[in-house]
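Enquirer: Take this structure, written in C-alpha cells, and hold onto it; I'll ask about it next.
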Amino acid sequence: MYAISLGDDSAELRPLEVWHAAELLANMDRGREFIGRHIGLPDVVADLDGARAWIRSYADKRAADAGGLHGIWLDGKLVGGLLFRVWDTPSGVCEAGCWLEPAAAGRGLVTRGMRVLLEWAFEERGMHRVEWYASSANEGSLNVARRLGMTHEGVMRERYPHRGVRSDTELWAVLAPEWRAARARRPHNDH
Ligand SMILES: CC(C)(COP(=O)(O)OP(=O)(O)OC[C@H]1O[C@@H](n2cnc3c(N)ncnc32)[C@H](O)[C@@H]1OP(=O)(O)O)[C@@H](O)C(=O)NCCC(=O)NCCS
Numbered sequence: 001m002y003a004i005s006l007g008d009d010s011a012e013l014r015p016l017e018v019w020h021a022a023e024l025l026a027n028m029d030r031g032r033e034f035i036g037r038h039i040g041l042p043d044v045v046a047d048l049d050g051a052r053a054w055i056r057s058y059a060d061k062r063a064a065d066a067g068g069l070h071g072i073w074l075d076g077k078l079v080g081g082l083l084f085r086v087w088d089t090p091s092g093v094c095e096a097g098c099w100l101e102p103a104a105a106g107r108g109l110v111t112r113g114m115r116v117l118l119e120w121a122f123e124e125r126g127m128h129r130v131e132w133y134a135s136s137a138n139e140g141s142l143n144v145a146r147r148l149g150m151t152h153e154g155v156m157r158e159r160y161p162h163r164g165v166r167s168d169t170e171l172w173a174v175l176a177p178e179w180r181a182a183r184a185r186r187p188h189n190d191h
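For the sequence shown, the tail end lands on 191 under UniProt numbering, and the numbers increase by one without skipping.
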C-alpha cells in the first residue's frame with residue numbers, strides 16, 4: 001500500500017480503509033481510556049463491526065468528496081489517525097481531527113501528519129480554511145492546533161455532551177494565506 005513518510009523515524013501516513021478494521025480496533029483497545037477522555041470515538045469503535053462501520057462511513061465521505069480518513073503507522077503498527085470530518089469544496093472549508101494511542105504520543109506524529117494533510121488541503125485542493133474543534137480541557141489537542149499555526153476563534157459553551165458531562169468546545173482555524181506564511185518561516189527539514 002502506498003504511504004507517506006513522516007520523517008526520520010518509521011512513521012508513515014496511509015489511507016485507513018475497511019480492511020484495517022481489526023488494526024483499528026486493536027489501536028483503540030490499546031488507547032481506549034486515553035482517547036476517550038474528551039471524544040466519543042472509542043465508543044463508536046467498540047468492536048469489529050463498529051470499527052468497520054466507522055471506517056466505511058469515511059469511505060462513503062471520501063467517495064462523495066466530503067471527508068477523509070488516514071492512519072498513522074509507527075514501526076508497522078497502526079497507532080492513530082487523522083481525519084477530515086467535514087470537507088466542503090464549494091466553500092473551501094473543512095474540519096480536521098485526530099487521535100493517538102498513548103504510547104505514540106509526545107513524538108509529533110499528529111503535528112507532522114497534519115502538516116502533510118494541510119499542505120494537500122490548501123495547495124492541491126484549494127481549501128481556504130481548516131477548522132479544529134476541541135474540548136477546552138483537551139490540552140493535547142489545543143497544543144496541536146497551536147503548533148499548526150491555528151488561531152483561537154472562540155468557545156462554544158457546554159456544546160459537547162460526553163459521558164454525562166457537557167464540555168466547552170473551542171474553535172481554532174488556520175486560513176490558506178496564514179498557512180503559506182507559516183510554511184515560509186519554517187526550517188526546510190521541519191516535519
Ligand atoms: C490530541 C493528541 C493526538 C495529541 O497528541 P500529541 O502526541 O501531544 O501530539 P503530537 O503528535 O503533535 O506531538 C506533540 C508532542 O510531541 C513533541 N514532539 C516531538 N517531536 C516533534 C516534532 N517533530 N514535531 C512536533 N512535535 C514534536 C512535542 O514537543 C509535543 O510534546 P509535548 O506535548 O510534551 O510538548 C493526543 O493527546 C490524543 O490522541 N488524545 C486523545 C484523542 C483526542 O483527544 N483527539 C483530539 C480530538 S479534538
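C-beta: ideal position from N, C-alpha, C; glycine also.
According to DSSP, T169 sits in a beta bridge with which residue or residues?
Expert: Paired residues: S135 and M156.
Enquirer: At the level of alpha carbons, what is the spacing between H191 and G113?
Expert: Any reading at H191 must be qualified, since the residue scores a pLDDT of 49, below 50, and its modelled position is unreliable; the value itself is stated next. Their backbone Cα atoms lie some 8 Å apart in a straight line.
Enquirer: Determine the burial state of R120: buried for a count of at least 16 other Cβ atoms within 10 Å of its Cβ, exposed for fewer.
Expert: Looking at the sequence shown, residue 120 is not Arg but Trp. Looking at its Cβ environment, which holds fewer than 16 other Cβ atoms inside 10 Å, W120 is exposed.
Enquirer: Give me the residue from R62, M28 and R85 with the minimum Cα distance to G50.
Expert: For G50, the nearest C-alpha among the options comes from M28.
Enquirer: I want to know whether the stretch 168-188 touches the stretch 58-77 - three or more CB-CB distances under 8 Å.
Expert: The stretch 168-188, when compared against the stretch 58-77, does not touch it at the 8 Å Cβ threshold.
Enquirer: Taking the runs of the alpha helix (DSSP H) that are 4 residues or longer, which of them lie wholly in the stretch 38-89?
Expert: As far as the stretch 38-89 is concerned, its whole alpha helix (DSSP H) runs of at least 4 residues are 41-44 and 48-63.
Enquirer: Which partner residues of H162 appear in the DSSP bridge assignment?
Expert: H162 pairs with V165.
Enquirer: In or out: V155 buried (at least 16 other Cβ within 10 Å) or exposed?
Expert: With fewer than 16 other Cβ atoms within 10 Å, it is exposed.
Enquirer: Would E131 and L171 qualify as a contact pair, given that the criterion is a beta-carbon distance under 8 Å?
Expert: Yes.
Enquirer: Quick one: using the 10 Å Cβ neighbour count with 16 as the cut-off for buried, is M1 buried or exposed?
Expert: With fewer than 16 other Cβ atoms within 10 Å, it is exposed.
Enquirer: Let's see if you can read the secondary structure: which residues bound the alpha helix (DSSP H) around V110?
Expert: Taken as a continuous stretch (DSSP letters only), the alpha helix (DSSP H) holding V110 covers L109 to E119.
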